């Protein structure tokens, strides 16, 4: 850091933080202001306040149905303030709300391990029990629940309750992340066994498409070709740029009649990215009619519809929808900026 930055940078940063804090008093759930404030705290190396703001922003996105963004924010809060319980709990609750039981259990287990290292055995036991209740299949959890040494009084007292969260149906969640991580090694071993090195061409079975194909075949053999697996396969395909495969996975989820809202929205967005604008509009409009779509979620769907119109060059319809959103939700995402751009002001 230069001498100028040392002398004047902090003062400027403090003024920006104060300005954001003042603006947030008037618009406490404004995601743009929250993100800016969190980033400023992080720049100022105020990790405690930065993590608190990121969690707060994650809660806003959770309420509005933007779960991937909320997940990213909770993970960011954990990264910069790993000793704080709240983001682990929020992340676990969000995973559980979406039906991702093993991911939720994993967060509680990590939190438990962290608390155990810090000497808080009672809290550590409580969260390990939560993990075990969610996913009894994790043998490590079962062993660790009984390994904690706590006071006799603590063992007979009821486990403290946590903040209320939506109840979800228990399910055997297919651990896609684990399968992806392990399959590369097994694919290499299989390739070596099936094609001994003799100087000739060897088929590459470790590429992205080959890995996904093998995972799907393995899941089908194990009878786990369920909506949650298909939905997560769709998300994984999107992450690797395999949009056509992602769309196919989301379509299969809809045929099974579960996770309708999430799958509808992701399918509509994927269609747009594939340049299938008509299909994108049809799918997103269908999701507006679903019973589980809250008012906040409908705003998010309308936003995606406007983005599709914008992508296809229909600025008039896009601008009209952005303005409708702005009437009731002035601080919604970057609607104000989109209106300025489409109206020719930027």
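Numbering (the numbering used here), first residue to last: 13 to 358. Glycine included, every Cβ here is placed at the ideal spot set by N, Cα and C. Computed from a prediction, not measured in an experiment: that's the story for all the values here.
Worksheet item: Out of curiosity, what's the CA-to-CA distance linking residue 281 and residue 288?
Response: Going by the C-alpha atoms only, they are around 10 Å apart.
Worksheet entry | Inter-residue Cα distance where the pair is residue 100 and residue 326 | 42 Å
Discussion item. Which residue marks the beginning of the alpha helix (DSSP H) containing residue 12, and which one marks its end?
Written reply: Outside the displayed range of the chain (13 to 358) lies residue 12, so it cannot be described from this structure.
Worksheet item: In chain order, what residues of the same chain lie with their CB nearer than 7 Å to the CB of residue 81, ignoring the 5 residues before and after it?
Response: 73
Fill in: Chain-order list of residues whose beta-carbon lies under 7 Å from that of residue 331 (same chain, five-residue window excluded)
351, 354, 355
Fill in: Residue interval of the alpha helix (DSSP H) (run including residue 268)
For residue 268, the uninterrupted alpha helix (DSSP H) segment begins and ends at 255-268.
Item to complete: Please classify residue 40: does DSSP put it in a helix, a strand, or coil?
Response: coil
Practice prompt. Specify, as a first and last residue, the run of the alpha helix (DSSP H) that residue 110 falls within.
Written response: Note, residue 110: premise wrong, no alpha helix (DSSP H); not H, not E.
Worksheet item: Taking DSSP as the reference, what is the three-state secondary structure of residue 210?
Response: With a pLDDT of 45 at residue 210, under the threshold of 50, the modelled position of this residue cannot be trusted; read the value that follows with caution. Residue 210: coil per DSSP, three-state reduction.
Fill in: Residue span of the alpha helix (DSSP H) that contains residue 334, given as start and end
327-340
Discussion item. Out of 338, 324, 303, which one is the CA nearest neighbour of residue 315?
Written reply: 338
Practice prompt. Could you have a look at residue 94 and say whether DSSP puts it in helix, strand or coil?
Written response: DSSP places residue 94 in coil when its eight states are reduced to three.
Worksheet item: Using the rule of at least 16 other Cβ atoms within 10 Å of the residue's Cβ for burial, across every protein chain shown, is residue 345 buried or exposed?
Response: The residue in question, residue 345, is buried, as its Cβ has 16 or more Cβ neighbours within 10 Å.
Practice prompt. Indicate whether residue 25 and residue 55 have their beta-carbon atoms separated by less than 8 Å.
Written response: yes
Worksheet item: What's the gap between the Cα of residue 117 and the Cα of residue 268?
Response: 26 Å
Item to complete: State yes or no: is the C-beta of residue 36 within less than 8 Å of the C-beta of residue 29?
Response: no
Worksheet item: If you drop the 5 nearest sequence neighbours on each side, which residues of the same chain put their C-beta closer than 7 Å to that of residue 242?
Response: 261, 264, 265
Worksheet item: Near residue 292, what residues of its chain come up, given a Cβ to Cβ distance below 7 Å and the 5 sequence neighbours on each side ignored?
Response: 280, 283, 284, 320
Worksheet item: Could you check where the alpha helix (DSSP H) with residue 280 kicks off and where it finishes?
Response: 272-285
Worksheet item: Buried or exposed: which applies to residue 147, given that a residue is buried once 16 or more other Cβ atoms fall within 10 Å of its Cβ?
Response: That one is buried.
Worksheet item: Secondary structure at residue 324, three-state DSSP: helix, strand or coil?
Response: Coil.
Worksheet item: To the nearest angstrom, how far is it from the Cα of residue 277 to the Cα of residue 335?
Response: Residue 277 and residue 335 have their C-alpha atoms roughly 21 Å apart.
Worksheet item: Which value, in whole angstroms, describes the spacing of the CA atoms of residue 342 and residue 102?
Response: Rounded to the nearest angstrom, the gap between the Cα atoms of residue 342 and residue 102 is 27 Å.
Worksheet item: Given residue 39, which residues of its chain have a CB within under 8 Å of its CB, disregarding the five upstream and five downstream residues?
Response: 45, 343
Practice prompt. Answer yes or no: do residue 90 and residue 59 have a C-beta to C-beta separation smaller than 8 Å?
Written response: no
Worksheet item: Whole-angstrom Cβ separation of residue 273 and residue 304, contact assumed at under 8 Å?
Response: Yes, they are in contact, since the Cβ atoms of residue 273 and residue 304 sit about 5 Å apart, within 8 Å.
Item to complete: Rounded to whole angstroms, what's the CA-CA distance from residue 50 to residue 76? Just pull it up for me.
Response: Cα to Cα, residue 50 sits roughly 19 Å from residue 76.
Worksheet item: For residue 302, which three-state DSSP category applies?
Response: Residue state, collapsed to three classes: coil.
Worksheet entry | Sub-8 Å separation of residue 120 and residue 94 beta-carbons | Contact flag unset, no.
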